[in-house]
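Notes to accompany the following structure.
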């Protein structure tokens, strides 16, 4: 379609009121469609369920092909993980003159046995008191199906899609998106015409609609210390050699001071300056200290319990977390109070902010630990590795993409959205950022803040599910408007 006179163009957004009515009328059909997806036990971290992952991917492929999309699957495995499922790529092309958006979705779920399901069947959708319950329903099957449903509404209404839509759907999100990373490396040409990437993942932070424009990155590190081939008796040999556990503790403890500030100077020099928007967000965003204390089960928090300072430190600044010290040496009794372990592995992670990268962070910490080790003059050996890493991501919320999305959210929710920078890490977002540096990425959560992801009570409200379909329709229409913006 070629609009030579923009004044004669009928904007697709003019049809939104009628489309929204159709969404409400087809409520039962949309819930039934979701019921089928929830019934598939697409568990990511159990090799026994690889067939269920494939079944779920085939269901998505079938729905997309019915909508007219060209579908292909790309191998997501590698030499270290040969059994990873493939990644589905789909292209629903309208015309070269239209903007192209790429939609991300994941269809894998956590193992319900690890989530404590006892009262509900995890793979049976339950419609109860205005909420839809099921394992993986909010994270991320319902948000993905919002896209399928929105496109079906357009097709049933005999309306042309307002934009070109591509899909990337994976089944390894619960495994740090390993398969996604591998498949995108193979299929980079798929993104050559993609201007916008939209991820309807994560959750809102409260009842208000929101757009997320940033996540911190992460480096997971392992520090292994060893001193021989066996454990020895503390009474017989204690005091005669450097103990690996003490070496690991000393090195790890030296990485931050008593206030939690990281002591690796070169690492801190790369931090992007705090912006006025960051300060405004932390000063105006609601942060309930009592709720945080309850969630963490702690009597008090750092930073004098001041909400703005806590928000700044847990969303805008880097931090280091120590997760475990594992005894690696073989022993019949690991609770033996007399012997000294000969192999220790310390596990810790560092959250990154814009301007910091995983590769540079690894080298900075490696250099720091090498110098510390030389100063200790320990006779033990050590090995320092980065187990996984994802770069931070941040976009400009004042860009035309974000402003178009904000209009769509306000159209649906009747209030402007919040713009939120998060402290956690989303591997899929980081992977897209590194693979598609020329595309504008946006995260628009459809799931509510109280959907209880990764728990036995995971659910999504029926209202949010239907509003999500309307949001997708409005978002596509607003992106269409950018195509013909003067």
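Residue numbers (the working numbering): 501 to 986. We put the CB at the ideal spot given by N, CA and C, even for glycine.
Measuring only the C-alpha atoms, how far is residue i from residue j?
i: residue 798; j: residue 792; result: 8 Å
i: residue 865; j: residue 673; result: 28 Å
i: residue 631; j: residue 605; result: 21 Å
i: residue 654; j: residue 644; result: 16 Å
i: residue 517; j: residue 944; result: 21 Å
i: residue 974; j: residue 807; result: 35 Å
i: residue 633; j: residue 626; result: 5 Å
i: residue 919; j: residue 570; result: 34 Å
i: residue 772; j: residue 926; result: 20 Å
i: residue 545; j: residue 607; result: 13 Å
i: residue 768; j: residue 761; result: 10 Å
i: residue 714; j: residue 936; result: 16 Å
i: residue 874; j: residue 747; result: 12 Å
i: residue 687; j: residue 580; result: 20 Å
i: residue 898; j: residue 594; result: 28 Å
i: residue 657; j: residue 601; result: 21 Å
i: residue 552; j: residue 888; result: 27 Å
i: residue 970; j: residue 514; result: 14 Å
i: residue 884; j: residue 753; result: 15 Å
i: residue 638; j: residue 877; result: 53 Å
i: residue 524; j: residue 849; result: 46 Å
i: residue 906; j: residue 726; result: 54 Å
So, with DSSP's three-state summary, where would you put residue i?
i: residue 520; result: helix
i: residue 554; result: helix
i: residue 987; result: This structure cannot settle anything about residue 987, because the visible part of the chain is limited to 501 through 986.
i: residue 538; result: helix
i: residue 588; result: strand
i: residue 978; result: helix
i: residue 567; result: coil
i: residue 953; result: coil
i: residue 572; result: strand
i: residue 733; result: strand
i: residue 894; result: strand
i: residue 577; result: coil
i: residue 533; result: helix
Run through the DSSP bridge pairs and tell me what residue i is partnered with.
i: residue 824; result: 847
i: residue 543; result: 609
i: residue 762; result: 756
i: residue 882; result: 725
i: residue 852; result: 717
i: residue 943; result: 699 and 712
i: residue 960; result: 632
Go through its chain and collect everything with a Cβ distance to residue i's Cβ below 6 Å, but skip five positions before and after it.
i: residue 734; result: 838 and 840
i: residue 814; result: 923
i: residue 892; result: 716, 717, 852, 853 and 854
i: residue 530; result: 649
i: residue 720; result: 849, 887 and 888
Considering only residues of the same chain and omitting the five flanking positions on each side of residue i, which have a CB-CB separation below 8 Å?
i: residue 811; result: 781, 782, 785 and 787
i: residue 599; result: 663, 664, 695, 696, 979, 980, 982 and 983
i: residue 617; result: 635 and 956
Ordered along the chain, which non-local residues of its own chain (more than five positions away) have a Cβ less than 7 Å from that of residue i?
i: residue 738; result: 840
i: residue 563; result: 648
i: residue 824; result: 847
i: residue 774; result: 816
i: residue 731; result: 829, 831, 839, 840, 841 and 842
i: residue 821; result: 848 and 849
i: residue 743; result: 840
>> Runs of 4 residues minimum, wholly inside the stretch 905-937: which ones carry the alpha helix (DSSP H) assignment?
In response: List check, alpha helix (DSSP H) in window: 927-935.
> At which residue ranges does the stretch 769-821 contain complete alpha helix (DSSP H) runs of 4 or more residues, listed in the order of the chain?
Replying inline: With a minimum length of 4 residues, the continuous alpha helix (DSSP H) runs that stay inside the stretch 769-821 are 776-784, 789-796 and 807-815.
>> Quick check on the DSSP output: what are the complete beta strand (DSSP E) runs of length 3 or more inside the stretch 680-722, in order along the chain?
In response: If you keep only unbroken beta strand (DSSP E) runs of at least 3 residues inside the stretch 680-722, you get 696-699 and 710-715.
> In chain order, which alpha helix (DSSP H) runs of at least 4 residues are fully inside the stretch 591-674?
Replying inline: Here the runs fully enclosed are 642-656.
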